[in-house]
Every structure is written in C-alpha cells, then in structure tokens.
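Here UniProt numbering is used: the first residue of the sequence shown is 1, the next is one more, and so on.
As structure tokens, the structure follows; a few thoughts come after it.
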Amino acid sequence: MNSPWLVSLPGDFFATYRFSRGPVLGSGMSGEVVLATSRRNPSKKRAAKILSLLTADGGVKNKRLFDREVDILHRLSHPHVTRLTISAICPEYLVICTDYCTGGTLTSKLDTMSPEMCVKYFIQMTCAVRYLNDRKGIVHSDIKPDNIFINAHNNPVLGDFGLSFLIPPGRTSISTKHIGGTMCFFAPEILCRTSVDPYKLDMYSLGVVLWCMMFQTEPTSDKVYECLDDTQMMIAAPEPQGWCLANSIHHDPDIRRTAASILANMYDCDIYKGLIDRL
C-alpha cells in the first residue's frame, strides 16, 4: 500500500512524523484541517486534512473521499495548485498533507484587494484552471475564495480538491447528477441541465471569484451573472477586469470562454504576457 505519497501507519501520524497538531485552520463536512508543525524544524509547516474513520458508516464515505482526493493530488505539479506532500492511513483517521500557505485564504484579503492584485490573482488562477482542465483532465468543482490560499510570495494557490473529479478522455459533456460545489459559485447550467460541458464549470466559478475581488465581498445570490445586465456597472468596471468578468460568468456556457481562451486573449497584452509565459 505504501508509495511516495501514501503510507499506512500502525499508530498516530503526528507522533510518527514528529509534528505538533493544531491549531485548526478550517473545517467541513468530511473533517477538519489543522496546522502541522515539525518539532525538529518549526519552520516546516503543513496543512493536514483529517478525515475520521470512526463514523457511523465505519469510515466508508471518508475513505472514498480520501482515495479520490489523493489520487488527483498526486498527479498535480503547478505553482498555483496545492502540492501533496504525503497522505496516510492511520487506525482511526486518514490524513492528507499539503503545503501550508502563510497568507491565509483569499477570503481574508478581499477587503484590501487592489485592481492590480485582482488582475494578477485572476490570471494566475486562470493558469491553474487551464492546467487542470486542459493538461490533466480534472475539474476542481469548488473554486471559491475559501479554497484559494495565499503563499509567502503573495501568489494564490488553489487547494481543497475534495470535490474534484477526472474527466473521461474524449468526453465533451458529463452528467450533472453527482457534481458538487458551493451554490453561489455554481455554473447556472448545473441547475437546469442534465449534462454540461465540464470545461466551462471551473471557469464560471473563477469568474465569480473575480467578481468577489472586484467588489470586495462574497456573493449572496446564485445568479451573479445577472450583474452583466447592469450596463452602468459594466461600463464603470476597469479593464481588463470587465472583459474577464463578462467572458467568464456568461450564463450561456456556449458563449462563456474557457481558461485557455481567456489566457490567449490576455497574452496579447504585453503587461500580462510575461506572467502567463512563466506558467
């Protein structure tokens, strides 16, 4: 069972690898994420997602979620995608360790977001989505400010792949039956169609993240795309944010652009070309 990224342990993960456990960084339906700090080298820190095996179903659901997330994470290597450092199966729980981002979540940065930083973060996250969708055939399925982390270099890193899934090779549409996510960041077609273009889902969610950065708040409606009907707001929106917003959250997925298409357009602007080149 052991591999470079997955180990089976007879005891406690934190004791085995000499990590101190805590504080809690976040929590969700499947478990909590804690800060793990090396006792040998306190500057070495990890974000450790813990999924209990002591649940009513004997840990069956959490084991399934764990297997899927680890299977996806070990495939990934991108500067704006979280890096799996190790995962472990312990007697009472499962652990997924990723790099710890010292800057917290994008949510905590929204009220201080400058127009320049807004564009920078959006381009970097669009590069991450292009990498996932086009190069790895993966849909994240839950892109939102809470799942975007800021590292020590003030760059965004997409994390929490608990709802992500692989797109079968050659498939241009998938069933909406088992697609998860967060309501206000859902692509609208998920709610009204039985099958959707998987490559347009993450881009819509990222477009809503752009809206959050532009207006320094989180949405309360699942129809953020209706802001495009506000002519005065769109005219007042600075560029290229206005163009990016209009092309990423269009309610019609046939009109909405993919990450690759948006980056191809942004590449024509010399001030962004170098940023995209490096990714």
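For each residue, glycine too, the CB sits at the ideal point set by N, CA and C.
What are the boundary residues of the alpha helix (DSSP H) that residue i is part of?
i: R21; result: No alpha helix (DSSP H) holds R21; the beta strand (DSSP E) holding it covers 19-27.
i: V209; result: 201-215
i: L106; result: Per DSSP, L106 belongs to no alpha helix (DSSP H) and is neither H nor E.
i: S77; result: Unbroken run through S77: none, as it is neither H nor E.
i: M266; result: 259-266
i: T16; result: 13-16
Among the residues of its own chain, which have a CB less than 7 Å from the CB of residue i, if the five just before and after it don't count?
i: S248; result: M203, Y204, L206, G207, L210, R256, R257, I262
i: V119; result: P240, Q241
i: S38; result: R18, F19, K44
Could you spell out where the beta strand (DSSP E) holding residue i opens and where it closes?
i: L84; result: 84-89
i: K120; result: It is not in any beta strand (DSSP E) - K120 instead sits in the alpha helix (DSSP H) that spans 115-130.
i: A36; result: 32-38
i: F149; result: 148-150
i: L158; result: 156-158
For residue i, name the three-state secondary structure that DSSP assigns.
i: D67; result: helix
i: L94; result: strand
i: L6; result: strand
i: A56; result: coil
i: K44; result: coil
i: K238; result: Checking the sequence shown, residue 238 turns out to be Pro, not Lys. Coil, per DSSP.
i: I143; result: coil
i: I72; result: helix
i: D229; result: helix
i: S175; result: strand
i: S195; result: strand
i: F161; result: coil
Within a Cβ cutoff of 6 Å, which residues of the same chain sit near residue i, ignoring the five residues on either side of it in sequence?
i: R21; result: F14, V34
i: C184; result: P219, D222
i: L9; result: T16, A88, C90
With residue i and residue j assumed to form a contact (beta carbons below 8 Å), what rounded beta-carbon distance in angstroms separates them?
i: M214; j: A237; result: 7 Å
CB-CB under 8 Å to residue i, same chain, minus the five flanking residues each way: which ones, in chain order?
i: E50; result: Going by the sequence as given, residue 50 is Ile instead of Glu. Answer for I50: G31, E32, V33, V34, Y93, L94, V95, listed in chain order.
Fill in: Validate contact between the stretch 97-111 and the stretch 230-243 using beta carbons, cut 8 Å, 3 pairs
The stretch 97-111 is not in contact with the stretch 230-243.
Worksheet item: Any contact of the stretch 124-138 with the stretch 63-81, i.e. 3+ C-beta pairs under 8 Å?
Response: Short answer: they touch.
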